[in-house]
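In terms of UniProt numbering, the sequence shown opens at residue 1 and continues consecutively.
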Amino acid sequence: LTCQARLETPDFQLFKNGVAQKPVHLDLPAIKHQFLLTGDTQGRYRCRSGLSTGWTQLSKLLELTGPKSLPAPWLSMTPVSWITPGLNTTAVCRGGLRGVTFLLRREGDHEFLEVPEAQEDVEATFPVHQAGNYSCSYRTHGEGALSEPSTTVTIEELGPGPGSWPHSCLGLMVAKEFGQRMPKEWKAAPPPPVLMHGGESTQVLHPGNKVTLTCVAPLSGVDFQLRRGEKELLVPRSSTSPDRVFFHLNAVALGDGGHYTCRYQLHDNQNAWSRDSAPVELILSDETLPAPEFSPEQESGRALRL
């Protein structure tokens, strides 16, 4: 419960069912204070704040009737919901109260990853190193009941690129020799980026036009590549944000038409390229009509007509 004062003060006090609770004295004056309720929270509450000569009048009455269980927090992953060598994935568990203890759990594990009381914030972060289904909860004090769990978030494990540890022959031999755990199922590649040209997937252009293709990845700190078919295109590029790049095609010619895609890779060059984006088709036209087709046509028993 939040007790809001009209002037900054270090002193706050809560009343439950007409009974004064222990006053709270803060180190620094504040305009409000949050009281954490534990155990049986049902009841009628009022609060007051300190004055230089005593206390303010009691606040308006607030009655709590339930629920008995704490509401579920919200779980998200940053920057993405997958793990791979060279990428630091973090789980963020966010609740609605300060000073609670957050706990992260992976499906199949018997223990929680516990974070001390988050006194200055309403969220906690956990490093994630294993794939699996994760959820988080919180409790208001050491022996308190857990809140409802958050919605489950699935973390996938993506493999390194060809020729890198542990995909190389040497890596596989060393892993086998020393009994290193190998992931049972590695995804082939990270999810695809998005390639755009003016928000359209097909464009009709004329020779000499300038074209800018925008490739957007689901995370920052990656290298981008533009391709037409299976060929990499080395063209001028620019960027205004670490999660995207602008490919500049200057003065396109008739031979530049076709399907363009982009992909990305982490900076360490040990990870597989992502899956290709959905293609953007560039159609080049010089506005000339195609030549007519000239062919003989003969009907049975009649003269040949051209």
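Even for Gly, the Cβ is constructed at its ideal location relative to N, Cα and C.
Length-filtered (3 minimum) beta strand (DSSP E) runs lying within the stretch 11-76: 24-34, 43-51 and 62-64
Extent of the continuous beta strand (DSSP E) to which K231 belongs: Sequence index remark: in the sequence shown, residue 231 carries index 231 (1-based). Its beta strand (DSSP E) spans residues K231 to L233.
For D256, the three-state DSSP class (helix, strand or coil): As a first step, residue 256 is located in the sequence shown; it is residue number 256 there, counting from the start. In the structure shown, D256 sits in a helix (DSSP, three-state: H, G or I).
Neighbour-count burial assignment, V222, 16 or more Cβ in a 10 Å radius: As a first step, residue 222 must be located in the sequence shown, where it is residue number 222. When all chains shown are included, V222 counts as buried.
Reduced DSSP secondary structure (H/G/I, E/B, other) of N133: Taking the first residue of the sequence shown as 1, we reach residue 133 at position 133. Per DSSP, reduced to three states, the secondary structure at N133 is strand.
Per DSSP, cross-strand counterpart(s) of R94: Sequence index remark: in the sequence shown, residue 94 carries index 94 (1-based). R94 is bridged to W74 and E123.
Secondary structure of V115, DSSP reduced to three states: The residue you call residue 115 lines up with position 115 of the sequence shown. Of the three classes helix, strand and coil, the one that applies to V115 here is coil, per DSSP.
Span separating the alpha-carbon of L195 from that of T214: In the sequence shown, counting from the first residue as 1, residue 195 sits at position 195. In the sequence shown, counting from the first residue as 1, residue 214 sits at position 214. Roughly 6 Å between the two C-alpha positions.
First through last residue of the beta strand (DSSP E) which encompasses L1: Here residue 1 refers to the residue found at position 1 when the sequence shown is read from its first residue. It is not in any beta strand (DSSP E) - L1 carries neither H nor E in the DSSP assignment.
Below-9 Å beta-carbon distance, Q57 vs any chain C residue: Here chain C cannot be found, since the structure has a single protein chain.
For T101 and P116, believed in contact at Cβ under 8 Å, the rounded distance: Counting from 1 along the sequence shown, the entry for residue 116 is found at position 116. Counting from 1 along the sequence shown, the entry for residue 101 is found at position 101. Going by Cβ atoms, the distance from P116 to T101 rounds to 7 Å, so yes, they are a contact pair.
Proximity winner among A72, P242 and V19, relative to T151 (alpha-carbon distances): To locate residue 151, count along the sequence shown from 1; it is residue 151. Of A72, P242 and V19, the residue nearest in Cα terms is A72.
For T154, the first and last residue of its enclosing beta strand (DSSP E): Within the sequence shown, residue 154 is the residue found at index 154, counting from 1. Per DSSP, T154 belongs to the beta strand (DSSP E) from V153 to E157.
For Y134 and A91, believed in contact at Cβ under 8 Å, the rounded distance: As a first step, residue 91 is located in the sequence shown; it is residue number 91 there, counting from the start. As a first step, residue 134 is located in the sequence shown; it is residue number 134 there, counting from the start. About 6 Å separates the two Cβ atoms, so the contact holds.
Chain-order list of residues whose beta-carbon lies under 8 Å from that of L62 (same chain, five-residue window excluded): Along the sequence shown, one-based indexing puts residue 62 at 62. Setting aside the 5 residues that flank it on each side, L62 is surrounded in the same chain by L1, R44, Y45 and R46, each with a C-beta closer than 8 Å to its C-beta; the list follows chain order.
Per DSSP, the bridge partner or partners of W82: Taking the first residue of the sequence shown as 1, we reach residue 82 at position 82. E156.
Three-state secondary structure assigned by DSSP to L219: The sequence position of residue 219 within the sequence shown is 219, counting from 1. Here L219 sits in coil by DSSP.
A131 beta carbon less than 9 Å from that of W55: What you label residue 55 is simply residue 55 of the sequence shown in a count that begins at 1. What you label residue 131 is simply residue 131 of the sequence shown in a count that begins at 1. Contact: no.
Touching by the beta-carbon criterion (3+ pairs, under 8 Å), the stretch 14-32 and the stretch 96-115: no
Selected residue, minimal CA-CA separation from F224, among T65, P79, R237 and R94: Translated into positions along the sequence shown, residue 224 becomes position 224. Checking every option, the nearest Cα to that of F224 belongs to R237.
Spatial distance of Q57 from Q21 (CA atoms): Position 57 of the sequence shown, counting from 1, holds the residue named residue 57. Position 21 of the sequence shown, counting from 1, holds the residue named residue 21. Their backbone Cα atoms lie some 15 Å apart in a straight line.
Local Cβ density within 10 Å of A251, reported as buried at 16 or more and exposed below that: As a working mapping, residue 251 is identified with position 251 in the sequence shown. A251 is exposed by the Cβ-count criterion.
Secondary structure of V100, DSSP reduced to three states: Sequence index remark: in the sequence shown, residue 100 carries index 100 (1-based). DSSP places V100 in coil when its eight states are reduced to three.
Nearest-angstrom beta carbon gap, D276 and L254 [assumed within contact, 8 Å]: In the sequence shown, counting from the first residue as 1, residue 254 sits at position 254. In the sequence shown, counting from the first residue as 1, residue 276 sits at position 276. Not quite, the Cβ-Cβ distance comes to about 24 Å (not below 8 Å), so this is no contact.
Cβ-Cβ distance between L226 and V235 below 9 Å: Residue 226 sits at position 226 when you count from the first residue of the sequence shown. Residue 235 sits at position 235 when you count from the first residue of the sequence shown. Against a cut-off of 9 Å, the Cβ pair of V235 and L226 comes out as a contact.
Exposed unless 16 or more other CB atoms sit within 10 angstroms - verdict on T84: Along the sequence shown, one-based indexing puts residue 84 at 84. With 16 or more Cβ atoms within 10 Å of its Cβ, T84 is classed as buried.
Extent of the continuous beta strand (DSSP E) to which L195 belongs: To locate residue 195, count along the sequence shown from 1; it is residue 195. L195 -> beta strand (DSSP E) spans V194 to M196.
Straight-line gap, L233 to L75 (C-alpha atoms, nearest Å): Counting from one through the sequence shown, the residue named residue 233 turns up at place 233. Counting from one through the sequence shown, the residue named residue 75 turns up at place 75. Going from the Cα of L233 to the Cα of L75 covers about 40 Å.
Residues near F178 in its chain [Cβ-Cβ closer than 6 Å; skip 5 each side]: Position 178 of the sequence shown, counted from the first residue, corresponds to residue 178. Bear in mind that a pLDDT of 37 at F178, under 50, signals an unreliable position, so the number given afterwards is only what the model happens to contain. Closer than 6 Å at the Cβ level, and outside the excluded window around F178, lies no residue.
Euclidean distance between Cα positions of R105 and C93: Reading the sequence shown from its first residue, position 105 is the one you call residue 105. Reading the sequence shown from its first residue, position 93 is the one you call residue 93. When rounded, the distance between both Cα atoms is 11 Å.
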